[in-house]
Amino acid sequence: MSGHNVWTHKGTFLLAAVGSAVGLGNLWRFPYLTGENGGGAFILIYALTIFAVGIPILIAETMLGRTSRQSPIMGMRHLTKTHKTSRAWESIGWLGAASAFLILSFYSVIAGWALHYTWLMLTGSLVGADAATISAGFDALLASPGLMTLYHTLFIAFSALIVGMGIHKGIESGLRIMMPALFVILIVVLIYGVINGDVRAAASFLFTFNIADLSLEGWLQAMGQSFFTLSLGMGAIMAYGAYMSSEASLTRTAIAVAFVDTAVAMVAGLAIFSLVFGAGLETGQGPGLMFVTLPLAFADMPFGALVGGVFFILVLGAAVSSSISLIEPVAAFLVERFDMTRPQAVTIMVVAAWAMGLLTVVSFNVWAEGTISHALFGRSAFEFIELLTNIFMPLGGLLIALFAGWALTQSEVMKELGTNITWFKTWRFLVRFVGPAAVSFVFLRTIPQVEGYVIPSLGALLIVGAFALSQRLRKST
Ligand code: TRP
Numbered sequence: 015m016s017g018h019n020v021w022t023h024k025g026t027f028l029l030a031a032v033g034s035a036v037g038l039g040n041l042w043r044f045p046y047l048t049g050e051n052g053g054g055a056f057i058l059i060y061a062l063t064i065f066a067v068g069i070p071i072l073i074a075e076t077m078l079g080r081t082s083r084q085s086p087i088m089g090m091r092h093l094t095k096t097h098k099t100s101r102a103w104e105s106i107g108w109l110g111a112a113s114a115f116l117i118l119s120f121y122s123v124i125a126g127w128a129l130h131y132t133w134l135m136l137t138g139s140l141v142g143a144d145a146a147t148i149s150a151g152f153d154a155l156l157a158s159p160g161l162m163t164l165y166h167t168l169f170i171a172f173s174a175l176i177v178g179m180g181i182h183k184g185i186e187s188g189l190r191i192m193m194p195a196l197f198v199i200l201i202v203v204l205i206y207g208v209i210n211g212d213v214r215a216a217a218s219f220l221f222t223f224n225i226a227d228l229s230l231e232g233w234l235q236a237m238g239q240s241f242f243t244l245s246l247g248m249g250a251i252m253a254y255g256a257y258m259s260s261e262a263s264l265t266r267t268a269i270a271v272a273f274v275d276t277a278v279a280m281v282a283g284l285a286i287f288s289l290v291f292g293a294g295l296e297t298g299q300g301p302g303l304m305f306v307t308l309p310l311a312f313a314d315m316p317f318g319a320l321v322g323g324v325f326f327i328l329v330l331g332a333a334v335s336s337s338i339s340l341i342e343p344v345a346a347f348l349v350e351r352f353d354m355t356r357p358q359a360v361t362i363m364v365v366a367a368w369a370m371g372l373l374t375v376v377s378f379n380v381w382a383e384g385t386i387s388h389a390l391f392g393r394s395a396f397e398f399i400e401l402l403t404n405i406f407m408p409l410g411g412l413l414i415a416l417f418a419g420w421a422l423t424q425s426e427v428m429k430e431l432g433t434n435i436t437w438f439k440t441w442r443f444l445v446r447f448v449g450p451a452a453v454s455f456v457f458l459r460t461i462p463q464v465e466g467y468v469i470p471s472l473g474a475l476l477i478v479g480a481f482a483l484s485q486r487l488r489k490s491t
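Going by the working numbering, the sequence shown opens with residue 15, and the numbers climb by one from there.
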C-alpha cells in the first residue's frame, strides 16, 4: 500500500523495536528467572535460543509487517489473499491482538508497582528499613486494590496518551527522548552497583556455566523468556514493521535488536545481583526480587534512596516503551478497519485493557482465593491470564515462522532480506524447522499446567502441523 505511514528515519524501527523488547522482561523477569534457575546455565540456553530461534522469527515477523504494510490483522488478511493460502492464517493477527490485549492488562498493573516504589524511594520512606518492614510494605501494596488500581490507571493512561498522539509525534518522539535516558540510567545503576555491591559475586553467578544446575523446567523457561523478551509472536513487531523503511536491513536490524535487548538484560542482571550479593541477600526470591530484595539492598546504601528512585524510573520508562507497542497493533487495526480516529481507537483498546487489568488487581487481594480460582483450576485470574498469554505467544510465533517459511515465495523473501542465497537458505531452514520445533517444545511446557486443556492443545498442534503440510503440498504441485 503506498501512502501508508512510514517511520521518519531509516533507523526508527530499530529504536521502536528495542523500546518494545526492553521492558519488565529484562529488568524484572530475566533477573529473577536467572536467580531461580541457577545463573549461567540458564543464560546459556537463553542466549542460544535468542540466536537460533529468536532472531529468525524476529526477521519473519518484521517481514510480514513490512510486506503487508498494514496492521497485523489486516496485513495477514491481505497476505492470505495474495498468497492464496487459507484464511485461517489470519489467526496470526487475531492471536496477536488477543495477546497484546491480555498482556497489556497485567503489564500495566505490574508496572504500576514500579510507580509505587519510585515514590517510596524518592521520598526516602525506605531508608534504613529492615527486611520485615520492606516485605510487609510489598504485601500491603498487594493487599490494596484501591492503590493498585490508581497506579494501573496512571500508567496505562500515560501510555495511551503517547500512542494517541500518533506514530510520529507520539511514539517516535517519545522513544527518542526515553530510550537514551534509559541507557544512561542503566549505566549509572551499574556503576553504583559496582561501587557499592559485589560485582565479582554477581559476575560469577551469571557467567559460570554449570549445565547440571538447569532443570528441564528451567530450560523451558529460558526458551520462553527469549520469546517474551523479544516481544515475539503477538503482532507488536509486525505492527512496527509495517512502518519500517524499505531501505533498512531486516537481518542487521534484527541482530541489533536482539543484541541490545540481551545486553540490557545482562547489565541489569549484573547491577541487580551486585547489589543483592553486596547486601548479603538471597537470589532466588522470584517475582519479589525487584520489589522486595532490591529495595532492601538500596535501604542501607549511600544515596540508596536516590539511586533506587532513579532505578524505578528506569523500570517505568522501559515498561512504557513496551506497553505502547502493545497498544499500537490493536489501535492501528481499529483505525484501518473501522475508519476510527486514532484517539478513538486508542481509547477503546486501553479502556478495555484497563478493565481487564482490574481482574489482575483483585487477584492479589479480594479474589485471591475463592470461587473464581476454583473455576480456573485453582488459579487466580492473573495467573490464568498469564497462562493464556504463555500459550498464545509461542503459538503466534509458531504460526509466524510457518507462514513466513512456507507461504512466502523465495523471490519476495530474497527481496525483503536483500542478501545472498546462503543466508536466505539458512534463514528459511531456521524458520521452517528449527523455530517451529523449538516453539512446540516450549509450548509443551504449558501442557502440564493446563490439565483440562491437554486435548485441545494437542489438537491445535495437529492442526498447525496439517497446515504446514498442506502448504508444502501446494508448493510442490
Ligand atoms: N518484551 C517485553 C519485555 O521484555 C514484554 C513483551 C512481550 C512485550 N511481548 C510483548 C512488549 C509485546 C510489547 C509487545 O518486557
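Yeah, the Cβ is synthetic: ideal placement off N, Cα and C, and Gly gets one too. Model, not experiment: these values are computed from the prediction.
- Task: List the endpoints of the continuous alpha helix (DSSP H) containing residue 286.
- Result: As a position in the sequence shown, residue 286 is number 272, starting the count at 1. Residues 264-292.
- Applying the criterion that 16 or more other CB atoms from any shown protein chain within 10 Å of the CB defines a buried residue, is residue 170 buried or exposed? Position 156 of the sequence shown, counted from the start, is the residue given in the question as residue 170. Looking at its Cβ environment, which holds 16 or more other Cβ atoms inside 10 Å, residue 170 is buried.
- Task: Classify residue 316 as buried or exposed, calling it buried when 16 or more other Cβ atoms lie within 10 Å of its own Cβ.
- Result: Looking up residue 316 in the sequence shown gives position 302. A residue is called buried when at least 16 other Cβ atoms come within 10 angstroms of its Cβ; residue 316 does not meet this threshold and is exposed.
- Near ligand 1: residue 243 beta-carbon under 7 Å from a heavy atom: The residue you call residue 243 lines up with position 229 of the sequence shown. Yes, Cβ of residue 243 sits closer than 7 Å to a heavy atom of ligand 1.
- Around the C-beta of residue 483, are 16 or more other C-beta atoms found within 10 angstroms, so that it is buried, or is it exposed? Here residue 483 is taken as the residue at index 469 of the sequence shown, counted from 1. So residue 483 ends up on the exposed side.
- Return helix, strand or coil for residue 316, following the three-state DSSP convention. The residue labelled residue 316 in the question sits at position 302 within the sequence shown. Three-state result, residue 316: coil.
- Item | For residue 232, the first and last residue of its enclosing alpha helix (DSSP H) | The residue given as residue 232 occupies position 218 in the sequence shown. Per DSSP, residue 232 belongs to the alpha helix (DSSP H) from 230-243.
- Ends of the alpha helix (DSSP H) at residue 414? Here residue 414 refers to the residue found at position 400 when the sequence shown is read from its first residue. Here the alpha helix (DSSP H) through residue 414 covers 395-416.
- Task: Rank 252, 144 and 125 by C-alpha distance to the C-alpha of residue 306 and give the top, closest one.
- Result: If you number the sequence shown from 1, residue 306 lands on position 292. When the alpha-carbon of residue 306 is set against those of 252, 144 and 125, the nearest one is in 144.
- Task: Examine ligand 1 and report whether any of its heavy atoms sits within less than 7 Å of the Cβ of residue 78.
- Result: Stepping through the sequence shown from its first residue, residue 78 is reached at position 64. Because no heavy atom of ligand 1 lies under 7 Å away, the Cβ of residue 78 does not count as near it: no.
- Query: Rounded to the nearest angstrom, how far is the Cβ of residue 50 from that of residue 419, given a contact under 8 Å?
  - Reply: The sequence position of residue 50 within the sequence shown is 36, counting from 1. The sequence position of residue 419 within the sequence shown is 405, counting from 1. With a Cβ gap of about 34 Å, residue 50 and residue 419 do not count as contacting.
- Query: Which of the three DSSP states, helix, strand or coil, is assigned to residue 420?
  - Reply: Sequence index remark: in the sequence shown, residue 420 carries index 406 (1-based). DSSP places residue 420 in helix when its eight states are reduced to three.
- Message: With a threshold of 7 Å (Cβ to nearest heavy atom), would residue 339 be considered close to ligand 1?
- Response: What you label residue 339 is simply residue 325 of the sequence shown in a count that begins at 1. It does: the Cβ of residue 339 is within 7 Å (strictly closer) of some heavy atom of ligand 1.
- In angstroms, rounded to a whole number, what distance separates the CA positions of residue 15 and residue 424? Within the sequence shown, residue 15 is the residue found at index 1, counting from 1. Within the sequence shown, residue 424 is the residue found at index 410, counting from 1. With a pLDDT of 40 at residue 15, under the threshold of 50, the predicted position of this residue should be treated as unreliable, though the coordinate-derived value follows. Distance from the CA of residue 15 to the CA of residue 424, rounded to the nearest whole angstrom, comes to 21 Å.
- Query: Looking at the unbroken alpha helix (DSSP H) that takes in residue 2, where does it start and where does it end?
  - Reply: There is simply no residue 2 to check, as the chain begins at 15 and stops at 491 in what is shown.
- Neighbourhood of residue 491 by C-beta, 8 Å cutoff - its chain only, sequence neighbours within 5 removed: For the purposes of this step, residue 491 is taken as residue 477 along the sequence shown, with counting starting at 1. Note that residue 491 has pLDDT 47, beneath the 50 cutoff, so the model's placement of it is unreliable and the number below is only indicative. Hits under 8 Å: none found.
- Cutoff 7 Å; reference residue 17; Cβ partners in own chain excluding five residues on either side: Translated into the one-based positions of the sequence shown, residue 17 becomes position 3. Low confidence applies to residue 17: its pLDDT is 46, below 50, so where it sits in the model is not reliable, and the reading given next is rough at best. If we look at residue 17 and ignore the five residues flanking it on each side, it has no Cβ neighbours.
- Message: I'd like the list of long-range same chain contacts for residue 575, defined as Cβ closer than 8 Å, with 5 residues on each side in sequence excluded.
- Response: Because the chain in this structure spans residues 15 to 491, residue 575 falls outside the shown range and cannot be described.
- Task: Pick helix, strand or coil for residue 15, following the three-state DSSP scheme.
- Result: Within the sequence shown, numbered from 1, the residue matching residue 15 stands at position 1. Unreliable placement is indicated for residue 15, whose pLDDT of 40 sits below 50; no coordinate value is reported for it.
- Message: Can you look up residue 37 in the DSSP assignment and give me helix, strand or coil?
- Response: The residue given as residue 37 occupies position 23 in the sequence shown. If DSSP states are grouped into helix, strand and coil, residue 37 belongs with coil.
- Message: Could you tell me the alpha carbon to alpha carbon distance between residue 318 and residue 105, rounded to whole angstroms?
- Response: In the sequence shown, counting from the first residue as 1, residue 318 sits at position 304. In the sequence shown, counting from the first residue as 1, residue 105 sits at position 91. Their backbone Cα atoms lie some 48 Å apart in a straight line.
- Query: Which residues bound the alpha helix (DSSP H) around residue 140?
  - Reply: The residue you call residue 140 lines up with position 126 of the sequence shown. It is not in any alpha helix (DSSP H) - residue 140 carries neither H nor E in the DSSP assignment.
- Item | From 273, 296, 241 and 284, residue whose alpha carbon lies closest to that of residue 217 | On the sequence shown, residue 217 is found 203 positions in, with the first residue counted as 1. Selected option, being the one with the closest Cα: 284.
- Report the rounded CA-to-CA distance for residue 312 versus residue 141, giving the unit in angstroms. Within the sequence shown, residue 312 is the residue found at index 298, counting from 1. Within the sequence shown, residue 141 is the residue found at index 127, counting from 1. For residue 312 and residue 141, the distance between alpha carbons rounds to 8 Å.
- Task: Go ahead and label residue 229 buried or exposed: buried means 16 or more other beta carbons lie within 10 angstroms of its beta carbon, across all protein chains shown.
- Result: Along the sequence shown, read from residue 1 onward, the residue named residue 229 stands at position 215. Per the 10 Å Cβ criterion, exposed.
- Message: If I measure Cβ to Cβ from residue 457 and keep anything under 6 Å in the same chain, skipping five residues before and after, which residues do I get?
- Response: The count along the sequence shown starts at 1 and reaches residue 457 at position 443. Closer than 6 Å at Cβ, skipping near neighbours: 408.
- Query: With contact counted as at least three CB pairs below 8 Å, one residue from each stretch, are the stretch 60-78 and the stretch 358-371 in contact?
  - Reply: Cβ pair count under 8 Å is below three, so no.
- Item | DSSP-derived helix/strand/coil call for residue 491 | Looking up residue 491 in the sequence shown gives position 477. Below a pLDDT of 50, predicted positions are generally treated as unreliable, and residue 491, at 47, falls in that range; the measurement from the model is reported next regardless. It is coil, neither helix nor strand.
- Task: For residue 398, count neighbouring Cβ atoms within 10 angstroms of its own Cβ and tell me buried if that reaches 16, exposed if not.
- Result: Walking along the sequence shown from the start, residue 398 turns up at place 384. When all chains shown are included, residue 398 counts as buried.
- Item | With 16 other Cβ atoms within 10 Å as the buried cut-off, status of residue 426 | Residue numbering aside, residue 426 sits at position 412 when the sequence shown is read from its first letter. Burial call: exposed.
- Item | Which of helix, strand or coil DSSP assigns to residue 493 | Because the chain in this structure spans residues 15 to 491, residue 493 falls outside the shown range and cannot be described.
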